[in-house]
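Chains as they are written, first to last, in the numbering used here: chain B, 2 to 209; chain U, 2 to 209. All C-beta atoms in this analysis are idealised placements derived from N, C-alpha and C, irrespective of residue type, glycine included. See structure below.
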DNA sequence: CCCAAATATCACCAGTTGGTGACATTTTGT
DNA sequence: ACAAAATGTCACCAACTGGTGATATTTGGG
């Protein structure tokens, strides 16, 4: 009869519960960011008791690590889609920059985590950043082959700066729809940015 | 005898108290960022009751606005120090980028506010960003004179991208001492970045 | 002088947070 | 069949948050 004594608890399936907790944490992070992100909010969202987070993940840190494992190779997964290897260093850099831009624009969760890394750098969160940048440089080394940038050009730093520009623009756009007065809402806005980045790539690496 | 009945309250000086509150908020923000930044923390730091924040500023928002007023022209104040007008567009852009980099690197408070704008965009905080970018574009227009960028180059967006790159690098450096695996701690690191930015300016605007 | 306004502080409120111990129920191993 | 372990839920804790009403004390104008 279910006599209002036990209001049907969730089925006892640890794997399922763990997955629900990870999903709840990820969705919550992607939707609202790390503000108001806490153990209570995650448990509430997952519809189960926070005690389980302690039991199964050892706390919120462990839960974050579980998320981190999922997106360690985030950038590589959606960058290495081109069949043909790049024909020039310029092309390699172009694929890196524009691929990064598209991937980041489409992934709210990673955007929020990147913001988190800037705003509240805890050891736990920094590990996510480290894994990401390691995967990214690994991809570059693998794709580079024997292509070389022009002489007298610190390509690593130039690329880092372009990545930084894209990252800042995307994060700012998600927050306010603009950066430094430049609107970043319509597709035309983004195409204008892409054109400017193309100009810079042309200028630095040559129109290859 | 001050018989433990009245533990000497602060002197009744509204102007002084308001200044103390603004200073407390600013210092707290610069030191710890907007995490744990609340009305209780500010009042505690200022050594007076939070009620005064409600009375004198109408709440935390008003206090933030008071800070915003102080640094509305932040970037202009420390950019327009050069006596001679720029001799070329390249020189203008160089002053903008490197001046911005130096100013931002030296100002922890503005760094934290910029992070705030990304991480927790509330209407109140966004007003600060708007005032800043308005002042910045105003400076550009005033300094530009009749200098013009090369044809076929969307200089406004190129400059915005370079500013974005610098901003991302500085914020990331303050948080973790690196960006995308590139260390940003020693002066040599920053000189390397400056050199790369110089390369990009050369390439886009010509070595002038 | 006296009363009103201004100033400063305190006491309390409801709500939230992270964290822990106890309990009930189900599953599993022997 | 029975005990032990695993799973899920609840109740509670101290600490903190933003917010408000009441109360002292001082200042200043009439």
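* Asked: For residue 102 (chain U), which option in U:120, U:206, U:166, U:117 has the closest C-alpha, if you only look at C-alpha atoms?
  -> Checking every option, the nearest Cα to that of residue 102 (chain U) belongs to U:166.
* Asked: Which residue from B:125, B:33, B:201 puts its Cα closest to that of residue 153 (chain U)?
  -> Closest in C-alpha terms to residue 153 (chain U), from the list B:125, B:33, B:201, comes B:201.
* To do: Would you check if the distance between the CB atom of residue 27 (chain U) and the CB atom of residue 110 (chain U) is smaller than 7 Å?
  => yes
* To do: Provide the residue(s) that pair with residue 183 (chain B) in DSSP beta bridges, ordered along the chain.
  => Bridge partners of residue 183 (chain B): B:180.
* Min CB distance residue 180 (chain B) to chain U below 7 Å -> yes
* **residue 67 (chain U) - DSSP class collapsed to helix/strand/coil** => helix
* Could you pull out every residue in the same chain whose Cβ sits closer than 7 Å to the Cβ of residue 207 (chain U), ignoring the five residues on either side in sequence? => 91, 151
* Please classify residue 194 (chain U): is it buried, with 16 or more other beta-carbons within 10 angstroms of its beta-carbon, or exposed? => buried
* Considering residue 35 (chain B), what are the terminal residues of the alpha helix (DSSP H) in which it resides? -> Per DSSP, residue 35 (chain B) belongs to no alpha helix (DSSP H) and is neither H nor E.
* Taking just the CA atoms, how far does residue 18 (chain U) sit from residue 73 (chain B)? -> 50 Å
* Can you give me the Cβ contacts of residue 11 (chain B) inside the same chain, cut-off strictly under 8 Å, excluding the 5 residues immediately before and after it? => Within its own chain, the residues whose Cβ lies closer than 8 Å to the Cβ of residue 11 (chain B), once the five positions on either side in sequence are excluded, are 18, 48, 49, listed in chain order.
* If you drop the 5 nearest sequence neighbours on each side, which residues of the same chain put their C-beta closer than 8 Å to that of residue 120 (chain U)? -> 35
* To do: With a threshold of 16 other CB atoms inside 10 Å of the CB of residue 142 (chain U), please say whether the residue is buried or exposed.
  => Exposure of residue 142 (chain U) is indicated by the presence of fewer than 16 other C-beta atoms within 10 angstroms of its C-beta.
* Entirely enclosed alpha helix (DSSP H) segments - the segment 78-109 of chain B, minimum 4 residues -> 90-107
* Asked: When you compare each of U:129, U:122, U:163, U:178 to residue 174 (chain B) by their alpha carbons, which one comes out closest?
  -> U:122
* Neighbour flag for residue 122 (chain U) against chain B, beta carbons, 7 Å -> Contact with chain B is found for residue 122 (chain U), since one of that chain's Cβ atoms lies less than 7 Å from the residue's Cβ.
* **Of the listed residues U:89, U:79, U:14, nearest to residue 147 (chain U) (C-alpha basis)** => U:89
* **Terminal residues of the alpha helix (DSSP H) in which residue 188 (chain B) lies** => 188-206
* Would you mind giving the Cβ-Cβ distance between residue 76 (chain B) and residue 136 (chain B), rounded to the nearest angstrom? I have them listed as a contact below 8 Å. => 6 Å
* To do: Look up residue 148 (chain U) in the DSSP assignment and say whether it is helix, strand or coil.
  => coil
* Asked: Is residue 84 (chain U) buried or exposed, if buried means 16 or more other CB atoms sit within 10 Å of its CB?
  -> exposed
* Using a Cβ-Cβ distance under 7 Å, would residue 4 (chain U) count as near chain B? -> Because the pLDDT of residue 4 (chain U) is 42, which lies under 50, any placement of that residue in the model is unreliable, and the number read from its coordinates should be weighed accordingly. False, the Cβ-Cβ gap to chain B never drops below 7 Å.
* Anything in chain U within Cβ reach of residue 127 (chain B), meaning under 9 Å, just list it in chain order. => 176, 177
* To do: Return no unless some Cβ of chain U is closer than 7 Å to the Cβ of residue 102 (chain B).
  => Under the 7 Å criterion on CB atoms, residue 102 (chain B) is classed as non-interfacial with respect to chain U.
* **Where residue 1 (chain B) falls: helix, strand or coil (DSSP)** => Outside the shown range of chain B (2 to 209) lies residue 1 (chain B), about which nothing can therefore be said.
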